[in-house]
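Structure first, commentary second.
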Amino acid sequence: MRIATLTMIGAATIGLAACDKGGMDTGTPVADGQKAVATLQTAAGADVGRATATEVAGGIRFTLDGKAMPPGTHGAHVHMVGRCDAPDFTTAGGHWNPTGAKHGSMNPQGPHEGDLPNLIVGTDGRGTIGMTIPGATMAALLDADGSAFVVHADADDLMTDPSGNSGARIACGVFRPA
Numbered sequence: 436m437r438i439a440t441l442t443m444i445g446a447a448t449i450g451l452a453a454c455d456k457g458g459m460d461t462g463t464p465v466a467d468g469q470k471a472v473a474t475l476q477t478a479a480g481a482d483v484g485r486a487t488a489t490e491v492a493g494g495i496r497f498t499l500d501g502k503a504m505p506p507g508t509h510g511a512h513v514h515m516v517g518r519c520d521a522p523d524f525t526t527a528g529g530h531w532n533p534t535g536a537k538h539g540s541m542n543p544q545g546p547h548e549g550d551l552p553n554l555i556v557g558t559d560g561r562g563t564i565g566m567t568i569p570g571a572t573m574a575a576l577l578d579a580d581g582s583a584f585v586v587h588a589d590a591d592d593l594m595t596d597p598s599g600n601s602g603a604r605i606a607c608g609v610f611r612p613a
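Residue numbers for the sequence shown, in this note's numbering: 436 to 613.
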């Protein structure tokens, strides 16, 4: 029993060491890394939260802190254009997809870089998500036409191209360097 336990610990140590990428795992904060923030608003201009993009080793970490949102499950995505014109926020374009993938983490040809987990909002109107997108860069996020963070009315099915059947856009914010 003791030998089996030691063997398992040794294998786990070797496995973890294999994940080391020059001393910094994907997602580790980068000293003096770039950050961008998007203040989310409804079509009526109400403040409903904040999305943050932070440069980390090997990608970008996206977080969302939502408030005063309708309870339920909502699709949440980074969109290609840094515009949030009310009432429908269609000026934000499609999902951020610099690699040309299909939509959704459950799609064998996906996901878009802008595909994030569903936002679950409680009865208090609050919800949070966080996810690191490996390979994403701040240069692509903050390109000439920028990018936006959008929350949708319905849950994302995480598979249907191009938007996961996530419904209308109910909140939007443009990423700005912080």
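Backbone N, C-alpha and C define an ideal beta-carbon position, used for all residues, glycine too.
Same chain, Cβ closer than 6 Å to residue i, neighbours up to 5 away in sequence not counted
{"i": "residue 603", "result": "588"}
{"i": "residue 469", "result": "490, 573"}
{"i": "residue 664", "result": "Residue 664 lies beyond the stretch modelled for the chain, which goes from 436 to 613, so this question has no answer here."}
{"i": "residue 534", "result": "none"}
{"i": "residue 558", "result": "506"}
Nearest-angstrom beta carbon gap, residue j and residue i [assumed within contact, 8 Å]
{"i": "residue 555", "j": "residue 508", "result": "5 Å"}
{"i": "residue 499", "j": "residue 486", "result": "5 Å"}
{"i": "residue 590", "j": "residue 462", "result": "About 26 Å; that fails the 8 Å criterion."}
{"i": "residue 492", "j": "residue 465", "result": "6 Å"}
Contact check, residue i vs residue j, beta carbons under 7 Å
{"i": "residue 495", "j": "residue 613", "result": "no"}
{"i": "residue 586", "j": "residue 605", "result": "yes"}
{"i": "residue 562", "j": "residue 501", "result": "yes"}
Nonlocal neighbours in the same chain, by C-beta distance under 8 Å from residue i, ignoring five residues either side
{"i": "residue 576", "result": "471, 488, 495, 513, 531, 582, 610"}
{"i": "residue 520", "result": "526"}
Residues near residue i by beta carbon distance below 7 Å, same chain, minus five either side
{"i": "residue 522", "result": "478"}
{"i": "residue 566", "result": "497, 551, 552"}
{"i": "residue 549", "result": "512, 513, 514, 530, 531, 532"}
message = Under 8 Å: do the stretch 571-581 and the stretch 595-602 share three or more Cβ pairs, one atom per stretch?
response = no
inquiry  = Just to confirm the assignment: which complete beta strand (DSSP E) runs, minimum length 3, are found wholly within the stretch 539-575?
reply    = 554-556, 562-569
Cβ contact check for the stretch 526-536 and the stretch 474-482: 3 or more pairs under 8 Å = no
query = At what residue ranges does the stretch 502-533 contain a whole run of the beta strand (DSSP E), taking only runs of 3 or more?
reply = 507-509, 511-514
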